[in-house]
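Participant:
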Amino acid sequence: MKGTKDFPQCGFSNTVVQILNSLSVPYETINILENEVLRQGLKEYSNWPTFPQLYIDGEFFGGCDITVVKILEGFI
Numbered sequence: 001m002k003g004t005k006d007f008p009q010c011g012f013s014n015t016v017v018q019i020l021n022s023l024s025v026p027y028e029t030i031n032i033l034e035n036e037v038l039r040q041g042l043k044e045y046s047n048w049p050t051f052p053q054l055y056i057d058g059e060f061f062g063g064c065d066i067t068v069v070k071i072l073e074g075f076i
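Its first residue numbered 1, the sequence shown is counted upward by one per residue in the UniProt record's numbering.
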């Protein structure tokens, strides 16, 4: 994500943090703004061009938009 869970640095990252906090699930964040190689590598690995990227049990789940939709659908 852009920033950390304590200090998200974009609105989309903040939205995902708020969702995860509301679910009271443990999670970790990595600030991709601190590492260009990691940022580009994650885009290629996930085949997803934007951040935040949510991974559940090591599997790519989606970005902010998919997370919001799945919450509204009751999926997570």
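Just so it is clear, CB atoms sit at the ideal spot from N, CA and C, and this is done for glycine as well.
Owing to the predicted nature of the structure, the values given are computational and were not obtained by experimental measurement.
(1) State buried or exposed for G11, treating a residue as buried only when at least 16 other CB atoms are found within 10 Å of its CB.
(2) Quick one, are the C-beta atoms of I30 and R39 less than 7 Å apart?
(3) Taking the alpha-carbon positions, what's the E59 to F75 distance?
(4) Pop quiz: T50 and G41 are said to be a contact at Cβ under 8 Å. What is the actual Cβ separation, rounded to whole angstroms?
(5) I need the boundaries of the alpha helix (DSSP H) containing Y45, first residue and last residue.
Facilitator: So, from the data block:
(1) Result: exposed.
(2) Taking C-beta atoms as the reference points, I30 and R39 fail to come closer than 7 Å.
(3) In this structure, the straight-line span from the alpha carbon of E59 to that of F75 is close to 16 Å.
(4) Their Cβ separation, rounded to whole angstroms, is 15 Å, which puts T50 and G41 out of contact at 8 Å.
(5) Where Y45 is concerned, the enclosing alpha helix (DSSP H) stretches over E36 to S46.
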